[in-house]
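Chains as they are written, first to last, in our numbering: chain H, 1252 to 1696; chain U, 275 to 565; chain S, 826 to 1117.
Cβ coordinates follow ideal geometry from the N, Cα and C atoms, glycine included.
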Amino acid sequence: MGPDAAESDVESARDVLRAILPFQSLSAEALEALAHAAEEGAAAPGQTIYDVSAPATYLYVVVRGTVRLERPAPPDGVHAARAVGAREVFGWHAMREGSAGAELAKAAGAVSLVRIDTRFVLEVLAREPNGGAATIEALLVALSTPAERRAKRAEHEPHRRRRPAPQRALSALGSYVVSVLRRPETYGRLLGYVLLFGGWYLAVDVLALPRFTKLPGIVQVGREWLSPDPVFGLSIHTSVYYDHIWASVRRIAIAFALATSLGVPVGLALGASTTFRDYVFPIFELLRPIPILAWVPLAIVVFSGSETPIVFLTFLASFFATALNTRLGARSVEPHYILAARCLGASPWQAFWHVIVPGSLPYVLTGLQISVGVAWFSLAAAEMVSGQFGLGYLINTSYTMVQYPTIVIGMLTLGFVGFLTSAIVRFIGERMMVWRARELALTAP
Amino acid sequence: MMTAPIVWKSSARRLPASEVRRGAIQIVDATKFYGSGASRVLAVDRCSLDVRAGEIFVIVGPSGCGKTTLLNAIAGFHELDGGTIHLDGKLLCGPRQRARLGSDRVVVFQNGALFPWKTILDNVAFGPIVQGTLRRADALAKAGQMLADAGLRGYERSYPGETSSGVKRRVEIVRALMNRPAVLLLDEPFRALDALTKSVMHEALLAIHARNRGTALFITHDVEEAVFLGGRVAVMTSRPCRLKKILDVDIPYPRARSIVTSKRFRDLVAETTSVVHEEALKAHALGEKEG
Amino acid sequence: MVAHATATDAVGRASKLVWPQRPRAWSAGRAQRRAVVAYVVALLIWQLGSTSPRWLGYPLPWISHVPTPGSVAVAWARLVSDPGYWRSWGASFVRVLVGFSAAVVTGVPLGLLMALSRPVRAVVFPVFELLRPIPPLAWVPAAIIFWPTQELSIDFVIFIGAFYTMVLNALGGADGIDPRLIQVARSMGASRWNIFHRLVLRAVVPSILVGMEVGIGITWEVVVAAEMISGGGSGTSTASGGGLGFFIWNSYVGGSYPQIVVGMASIGIAGFLSSAALRLAAARFTRWTAAR
Chain H
1252 MGPDAAESDV ESARDVLRAI LPFQSLSAEA LEALAHAAEE GAAAPGQTIY
1302 DVSAPATYLY VVVRGTVRLE RPAPPDGVHA ARAVGAREVF GWHAMREGSA
1352 GAELAKAAGA VSLVRIDTRF VLEVLAREPN GGAATIEALL VALSTPAERR
1402 AKRAEHEPHR RRRPAPQRAL SALGSYVVSV LRRPETYGRL LGYVLLFGGW
1452 YLAVDVLALP RFTKLPGIVQ VGREWLSPDP VFGLSIHTSV YYDHIWASVR
1502 RIAIAFALAT SLGVPVGLAL GASTTFRDYV FPIFELLRPI PILAWVPLAI
1552 VVFSGSETPI VFLTFLASFF ATALNTRLGA RSVEPHYILA ARCLGASPWQ
1602 AFWHVIVPGS LPYVLTGLQI SVGVAWFSLA AAEMVSGQFG LGYLINTSYT
1652 MVQYPTIVIG MLTLGFVGFL TSAIVRFIGE RMMVWRAREL ALTAP
Chain U
275 MMTAPIVWKS SARRLPASEV RRGAIQIVDA TKFYGSGASR VLAVDRCSLD
325 VRAGEIFVIV GPSGCGKTTL LNAIAGFHEL DGGTIHLDGK LLCGPRQRAR
375 LGSDRVVVFQ NGALFPWKTI LDNVAFGPIV QGTLRRADAL AKAGQMLADA
425 GLRGYERSYP GETSSGVKRR VEIVRALMNR PAVLLLDEPF RALDALTKSV
475 MHEALLAIHA RNRGTALFIT HDVEEAVFLG GRVAVMTSRP CRLKKILDVD
525 IPYPRARSIV TSKRFRDLVA ETTSVVHEEA LKAHALGEKE G
Chain S
826 MVAHATATDA VGRASKLVWP QRPRAWSAGR AQRRAVVAYV VALLIWQLGS
876 TSPRWLGYPL PWISHVPTPG SVAVAWARLV SDPGYWRSWG ASFVRVLVGF
926 SAAVVTGVPL GLLMALSRPV RAVVFPVFEL LRPIPPLAWV PAAIIFWPTQ
976 ELSIDFVIFI GAFYTMVLNA LGGADGIDPR LIQVARSMGA SRWNIFHRLV
1026 LRAVVPSILV GMEVGIGITW EVVVAAEMIS GGGSGTSTAS GGGLGFFIWN
1076 SYVGGSYPQI VVGMASIGIA GFLSSAALRL AAARFTRWTA AR
């Protein structure tokens, strides 16, 4: 073997060592020293490298070829064998004191190897700035058997008894209620509600103020809403009420899902790519100022059926809001994050995926909340103008059929369901941005 | 089946010394304008610098004098209008030609650029993972080790927003070094830290640099910081930026905090300060003129 | 400042650094050229799609039902000389003005009041948040019942639409004022009125202006919808509706589909003009206050 080939073996040994845990964090001098202390050898197919009974003093690195390691038949009769290939290290048991006879190593084909005396390895590690403590610890972990590892983990984390889930939830709820009752704002809120509903009651039922007499009173609405046999056929006990709610919710769900799955990618592209923005944004901005409801007749003409136009209109409103906010989010990602990612070797696409997408999430989620609100706005309007079933339709037909209490039921239900969907979107959003919640928790006054 | 025993040969051999150190930079006649047309401003005027491989080269100068421009050109963030930059003998960028962005020259930013949405561990392992040089599990393990070696064990699962700025800075340096860059570019990285944290950072940086074998290019205002860290300190003129003077800090590494009181250190600081002060006055006058 | 310019120049726009660089020689005006290309392509798609039965042999789904660009242009040319068309413009604009002004005049003070007075906020804000999710258009029937004239009911609905936005923006703007500024002013001996007048109002104005821009967009949405619903959708065929929304609905009912598109475009332009006018006024106003 000429000097060049030998030198390349050392270099490849060093490269292999560097790529192998736990030698990666070693300094260049340590790796140099290890590489210099290495010895090369070659084995023919079938040749034994070390035997079960041989004393274990060397760590082996496979440069080329495959080595087969076999354990002696353990008591339970399972014969364990594995193969190590190029750039892999074996013979680890030599690092543990007093272990011998762990396995038999045999060359599976023509093999070229490098070996290092483990005492030297330990010496080099000891000379490292931190005493190579981390490396040694990682080695010990790598060398320990699964049983040992489990025992170690158990001693670090004592087993905790956890109360059953329902019990925990209940106590959490209890403490939340108590904390709410303690805050002064709660009483302000109650006062506000009392004023609102009380005022309504006074204006319509008690004082019978001039314009208010035509409106349904709170008592009438409440009675109608809760009655098992409502005068106008709609209350919480009738199924038609839930049919209307479901019709609206279903349309919102479909439209919102479509708008999000289309709006987020489009928004990201508009924000991140000048080319895309140059071609698409002009059309986008041309169509956006047209109020959604202005699309109603065209939508009815273009789309067949009664469901599609409504879903389309809701989708359109949502889409614009989502895409616009997502675009804002993509553009507001600070450039130094992108530069940092590129510096660290990321390609433009990787920078997009790892930086722009997560970085724009806060804006995207705000956009989604706005989008849900806008969706309800458009849906209610669209349902009032055309279509069958749905809360907007309910409100409209109640008016034409002079069923005034039902109008109010419809309005309040609409408000409540809208609020619920908003809260759901916000909740999901906050779960997705754990990092931001934690950050904000630290800076909160 | 036992065959003839394997013959083992020792491979002890000396390797060429130059292979060990990387990151020699040569800047020749760098020129950069900002703006265009009549309001064009000459920011860097035929500046030439030689950074030796493996050294910590510190650049000091008044603000706005164009030091960041040189760093950005090396990193590949913008191009020079004139002059060339070579890295380890190979052309990095020429006039109107931007250097390729790459992990052989990693920047540590002034305001920190740790990704807030990734955990510390994910941040540090980012480089090798996106480049594909290590498998994900290996990269994470190596990241954990490097963090432990830097004294940051226990922070792996935290998010950057939850940690102090000292921790963040160190993590960012570790993240850069995961890629074994030839050049570490530090643009006033410790500017926003308080004095106590800064001194901890200085020692950490020196320790980390000793292990890395690459070159570090460090920009700062703080003359004491410059002399403490640097092997050589270059003082730049106020706008337009040109090399005014290079001082050799002949205090040997490794440097302990105690050298700060030594006579040699104080002499160097005084000398550097007077040179910088001259330029700072000029810059101030310039700024006042422009209102 | 050169230092700032250095950082900005050096770092550059995010989008340019994610994607590879292009030579800068011909980039001036590139965005405008591409926009033109985009419009032309869109127009082509519209033309080809809407006339697809003729040249393709069978109608493409959806797009073939859209009126052709030619018919829309013809209809628009005809309408421009029709005074009724311009009256619709006027009617809508008047409603927008009335409803929007009412929203600003009531919403901003309420928002500021809530920001400055804790008890008011504690009582009013929950009620506000309770009613806000109800879409403005859901109020239409209740408004028609309550108000004596249809015009007032439409104005009321429009008012509701913009009201929430104005309150939230005024509130948000006032909340965002750094409390330290107020402390500094207090320590310098400023009276409460002075603080309010110089500090709070000044700081809140940008938020209010943003709110107005958003609000006017919502206002147009509501105007169109309210005109359609009360003038057309509810089945009552009163001609007092008027306005562009009613115009669109009427065109649909009357079967003149190209006019629908004309109406849509008209409203889009009207909305755009309102926003632009608002933006100009806002810019003028901020310059004026800054100069004082």
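Note to self: Tell me the DSSP secondary structure of H495 of chain U in three-state form.
What the structure shows: coil
Next item on the list: To the nearest angstrom, report how far apart L922 of chain S and W901 of chain S are at their CA atoms.
Entry: 25 Å
Notebook entry, point to check: How would you call N385 of chain U, buried or exposed, if buried means at least 16 neighbouring beta carbons within 10 angstroms?
Noted result: exposed
Notebook entry, point to check: Is S377 of chain U helix, strand or coil by DSSP?
Noted result: coil
Checklist line | Cα-Cα separation, G309 of chain U to D355 of chain U | finding: 12 Å
Next item on the list: Tell me whether E1374 of chain H is buried or exposed, calling it buried when 16 or more other Cβ atoms sit within 10 Å of its Cβ.
Entry: exposed
Notebook entry, point to check: Between which two residues does the beta strand (DSSP E) containing D1529 of chain H stretch?
Noted result: Careful: D1529 of chain H lies outside any beta strand (DSSP E), inside the alpha helix (DSSP H) at 1525-1538.
Notebook entry, point to check: Out of H:L1446, H:F1678, H:L1432, H:S1637, which has the shortest C-alpha to C-alpha gap to F1554 of chain H?
Noted result: H:S1637
Checklist line | chain H within 9 Å of R449 of chain U, Cβ atoms only | finding: yes
Next item on the list: Determine the DSSP secondary structure at K510 of chain U, reduced to helix, strand or coil.
Entry: The question names Lys, yet the displayed sequence has Met at residue 510 of chain U. Looking at M510 of chain U - three-state DSSP - the assignment turns out to be strand.
Margin query: Using only CA atoms, which one of S:A1051, S:L955, S:I970, S:V992 lies nearest to T1664 of chain H?
Written below: S:L955
Next item on the list: Check whether the Cβ of S1343 of chain H lies closer than 9 Å to any Cβ atom in chain U.
Entry: Reading off the sequence shown, one finds Trp at residue 1343 of chain H, where the question assumed Ser. By this cut-off, W1343 of chain H is not an interface position.
Notebook entry, point to check: Can a CB atom of chain H be found closer than 9 Å to the CB of M991 of chain S?
Noted result: no
Check: Going by Cα to Cα distance, which pick from U:P336, U:A424, U:V549, U:D522 is closest to A450 of chain U?
Finding: U:A424
Note to self: Using the Cβ count rule (16 or more neighbours within 10 Å means buried), how would you classify A373 of chain U?
What the structure shows: buried
Next item on the list: State the start and end residues of the unbroken alpha helix (DSSP H) segment that holds T358 of chain U.
Entry: From DSSP, T358 of chain U is part of no alpha helix (DSSP H) but of the beta strand (DSSP E) over 356-361.
Next item on the list: State the start and end residues of the unbroken alpha helix (DSSP H) segment that holds Q300 of chain U.
Entry: Here Q300 of chain U belongs to no alpha helix (DSSP H); instead the beta strand (DSSP E) covers 299-308.
Checklist line | Residues in the region 361-380 of chain U having any Cβ partner in chain H nearer than 8 Å | finding: L375, G376, S377, R379, V380
Item checked: Range covered by the beta strand (DSSP E) that runs through I1300 of chain H -> 1299-1301
Next item on the list: State the start and end residues of the unbroken alpha helix (DSSP H) segment that holds R465 of chain U.
Entry: Element bounds for R465 of chain U: n/a, residue is neither H nor E.
Note to self: Suppose you measure from the CA of L414 of chain U to the CA of F1448 of chain H; what does that come to, to the nearest Å?
What the structure shows: 59 Å
Note to self: Applying the 10 Å Cβ sphere with the 16-neighbour rule, what's the burial state of L408 of chain U?
What the structure shows: buried
Notebook entry, point to check: According to the Cβ coordinates, are V457 of chain U and R379 of chain U closer than 9 Å?
Noted result: yes
Margin query: Please give the ranges of any beta strand (DSSP E) in the region 374-462 of chain U, keeping only runs that are unbroken, at least 3 residues long and fully inside the region.
Written below: 379-382, 457-461
Notebook entry, point to check: Does any CB atom of chain H fall closer than 9 Å to the CB of M1053 of chain S?
Noted result: yes
Check: So is Y883 of chain S buried or exposed if we call it buried at 16+ other beta carbons inside 10 Å?
Finding: exposed
Notebook entry, point to check: Quick one, which residues of the region 1607-1639 of chain H are near chain U if we go by CB-CB under 8 Å, in chain order?
Noted result: P1609, G1610, L1612
Next item on the list: Step through the CB atoms of chain S and report whether any lies within less than 9 Å of the CB of E1436 of chain H.
Entry: yes
Check: Taking C-alpha atoms, which residue in U:F331, U:T437, U:F307 lies nearest to W1686 of chain H?
Finding: U:T437
Check: Cβ atoms of V1303 of chain H and E1339 of chain H: under 9 Å apart, would you say?
Finding: no
Item checked: Meets three-Cβ-pair contact criterion under 8 Å: the region 1555-1570 of chain H and the region 1080-1093 of chain S -> no
Notebook entry, point to check: Between which two residues does the beta strand (DSSP E) harbouring F331 of chain U extend?
Noted result: 330-334
Item checked: Per-residue DSSP class, three states only, for T1061 of chain S -> Because the pLDDT at T1061 of chain S is just 40, under 50, the model does not fix this residue reliably, and the value given afterwards should be weighed accordingly. In this structure, T1061 of chain S counts as coil in the three-state DSSP scheme.
Check: Hey, out of S:A1101, S:W964, S:S889, S:I1007, whose CA is closest to G1666 of chain H's CA?
Finding: S:W964
Item checked: Where the beta strand (DSSP E) through I1487 of chain H begins and ends -> It is not in any beta strand (DSSP E) - I1487 of chain H carries neither H nor E in the DSSP assignment.
Next item on the list: Compare the beta carbon distance of V1025 of chain S and A999 of chain S with 9 Å and say whether it is the shorter of the two.
Entry: yes
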